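Numbering (the working numbering) for the sequence shown: 45 to 418. First comes the structure, then the notes that go with it.
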Amino acid sequence: MSRSNGQAECAGADRGAMSLQADVATFALTALIAASVLFLPGCRRAESPASQQPVRNMWTVMGTFAAVSLPATETNRLADATITAKTVFAEMDRRLSVYRDDSEISRMNVSSGGQPTPLSAGTVDLLRRVRHYSEVSGGAFDPTLGPVIRAWGFSGGKKPSKVLTEDILRPLLDRTGWRHLQIEDSGASLAKPNMFIDLGGIAKGYAVDLVMDALDPTNYPNVLVDLGGNVRCRGGSRPGSQWRIGVRNPFARDELIGVLSIPSGMAVATSGNYERFVELDGKRYAHIIDPRTGYPVTGMASVTVVSPNGTESDALSTALFVAGPGASKDILAHLPGNEALFIPDQQPPRLLVSPGFRRIFEPLPEWAPRLADW
Ligand code: AMP
Ligand code: MG
45 MSRSNGQAEC
55 AGADRGAMSL
65 QADVATFALT
75 ALIAASVLFL
85 PGCRRAESPA
95 SQQPVRNMWT
105 VMGTFAAVSL
115 PATETNRLAD
125 ATITAKTVFA
135 EMDRRLSVYR
145 DDSEISRMNV
155 SSGGQPTPLS
165 AGTVDLLRRV
175 RHYSEVSGGA
185 FDPTLGPVIR
195 AWGFSGGKKP
205 SKVLTEDILR
215 PLLDRTGWRH
225 LQIEDSGASL
235 AKPNMFIDLG
245 GIAKGYAVDL
255 VMDALDPTNY
265 PNVLVDLGGN
275 VRCRGGSRPG
285 SQWRIGVRNP
295 FARDELIGVL
305 SIPSGMAVAT
315 SGNYERFVEL
325 DGKRYAHIID
335 PRTGYPVTGM
345 ASVTVVSPNG
355 TESDALSTAL
365 FVAGPGASKD
375 ILAHLPGNEA
385 LFIPDQQPPR
395 LLVSPGFRRI
405 FEPLPEWAPR
415 LADW
């Protein structure tokens, strides 16, 4: 927690960021608890600006936290970058949220089984990518799982009083299936009645991509954007360096297992069984669902994916969490440029890493012996 306070001081020390200091101070705690990857903070004022730790603003949005970070030398741009990110996230919420009746996705859900819903070009483009990840993951990623996800008490659903049985899940699963998502030039439809799209597995990474697009490289050659643990960066945290983020220990979420150096332009996302879960009959059921059974996935603690963009890392971290380390090999074979870390839900823990992940990951000394080839 002291780390986040240090960061808040950093951001607030500059006049350009002063107006956002309250945001940072209020939400720093929430953010550190919610983040699946931890940005490595610190604040050493005595150093020259070029060697100082980066500055960051954090706030809450869409039920999670968001953060924008810049090198200390670019502190005067932090307030503007934050405004840009907040504007993009608000727009995303208006388009994609299932918590708002007037969003494009909610209007589409209400019309399921009927005529196509007119959608903005951006949402049509996102849905095409959603279908792509559904297809390449062999259906492990399925945006139509809404009825099942809500029945387990996630995405606005009421928590069930007991563990859902197959009898309950079967009719819900009949209302799912990504192939029933039909996309046209300027709209889309869900082929069966009572279907429900839930983009919770991809929307945050997509939103981070849109923020990066909005922060032009001339003014922001070095920037890191984070939405609920979906991170994308450009440049580095200091001239000539890379952005480094901590990767969370899924078995003790306030701890790290190591540090990842992110190549410029790349994105990182983590899906974890500790992020959201319901407790039923004394057992935890996590928020990522196996589309074949309707039951929350078991056996994985977390999956971290490094990808060329945030939409891909978000979709893939969810998909690979469902598929597991074995089946994920086939999935990533179709998607060059992605690297992954799997942590099975087993003791003693093992960190299964792809070769490219190993090159950019520095485990903490106690975790180094646990690293193994995936
Ligand atoms: P993430 O934290 O990115 O892995 O996203 C998890 C969220 O994605 C859940 O809270 C659900 O809203 C949604 N979800 C759950 N299971 C799946 C799945 N198999 N495919 C796509 N989205 C899913
Ligand atoms: Mg995801």
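Backbone N, C-alpha and C define an ideal beta-carbon position, used for all residues, glycine too. Keep in mind the model is a prediction, meaning the values are calculated, not measured.
Contact annotation, G279 with V267: C-beta distance approximately 7 Å; criterion of less than 8 Å satisfied. Between the C-alpha atoms of L189 and L234 there is a straight-line separation of about 12 Å.
The alpha helix (DSSP H) runs lying completely inside the region 202-232 and spanning 4 residues or more are 210-217, given in chain order. Per DSSP, R100 is one residue of the beta strand (DSSP E) stretching across V99 to V105.
A distance criterion of 7 Å places the beta-carbon of S141 beyond contact range of the ligand AMP, judged by its closest non-hydrogen atom. The three-state reading of DSSP puts G400 in helix, counting H, G and I together.
At least one heavy atom of the ligand MG lies closer than 7 Å to the C-beta of D358. Under the DSSP assignment, S357 falls in the alpha helix (DSSP H) whose first and last residues are G354 to A377. Using a C-beta cut-off of 8 Å, the region 180-189 makes contact with the region 372-386, since at least three inter-stretch Cβ pairs fall below that distance. In this structure, the beta-carbon distance from Y318 to R121 does not fall below 8 Å.
Contact check between the region 318-327 and the region 391-408: fewer than three CB pairs, one atom from each, fall below 8 Å, which does not count as touching. When distances are taken from the beta-carbon of A377 to the heavy atoms of the ligand MG, even the shortest one reaches 7 Å or more.
An exposed status is given to I127, since fewer than 16 other beta-carbon atoms sit within 10 Å of its beta-carbon.
Membership of G249 in the alpha helix (DSSP H) is indicated by the continuous run A247 to A258. Taking V192 as the centre and dropping the five residues before and after it, the same chain places the C-beta of L213, L216, L217, T220, I333 and G338 closer than 7 Å to its C-beta, in chain order. Inclusion of A313 and S346 in the CB contact set at 8 Å is not warranted, their separation being larger than that value. Ranked by Cα distance from A384, the first of L170, G400 and E410 is G400. Distances from the alpha-carbon of P237 to those of I246, L225 and G244 put L225 closest. Here S178 carries a helix assignment [DSSP, helix/strand/coil]. Judged by DSSP secondary structure, G183 falls outside any beta strand (DSSP E); it is assigned neither H nor E.
Per the DSSP secondary-structure output, Y329 pairs in a beta bridge with V322. In this model, D389 and D229 are separated by some 42 Å (Cα to Cα). A412 is bridged by DSSP to nothing; it lacks a bridge partner.
Measuring C-alpha to C-alpha distances from L140 to each of L163, G309 and I227 identifies L163 as the nearest. For a cut-off of 8 Å, the C-beta gap from N382 to L360 is around 6 Å, short enough to register as a contact. Distances between the C-beta of G166 and the heavy atoms of the ligand MG are all 7 Å or more. Under the three-state reduction of DSSP, T119 is assigned to helix. Apart from the 5 residues on each side of it in sequence, P352 sits with its Cβ closer than 8 Å to the Cβ of G309, M310, A311, G381 and N382 in its chain, given in chain order. Remark: C-beta atoms of G302 and L408 approach each other more closely than 8 Å. Straight-line spacing of the CA atoms in P187 and R223 works out to 10 Å.
By alpha-carbon distance to G343, the top candidate from S305, L379, F295 and E299 is F295. Around the beta carbon of G284, fewer than 16 other beta carbons sit within 10 angstroms, so the residue counts as exposed. In this structure, P340 keeps its C-beta atom at 8 Å or more from the C-beta atom of W418. For P407, there is no enclosing alpha helix (DSSP H); the enclosing beta strand (DSSP E) covers residues F405 to P407. Under the three-state reduction of DSSP, F133 is assigned to helix.
The continuous alpha helix (DSSP H) containing N153 extends over residues E148 to V154.
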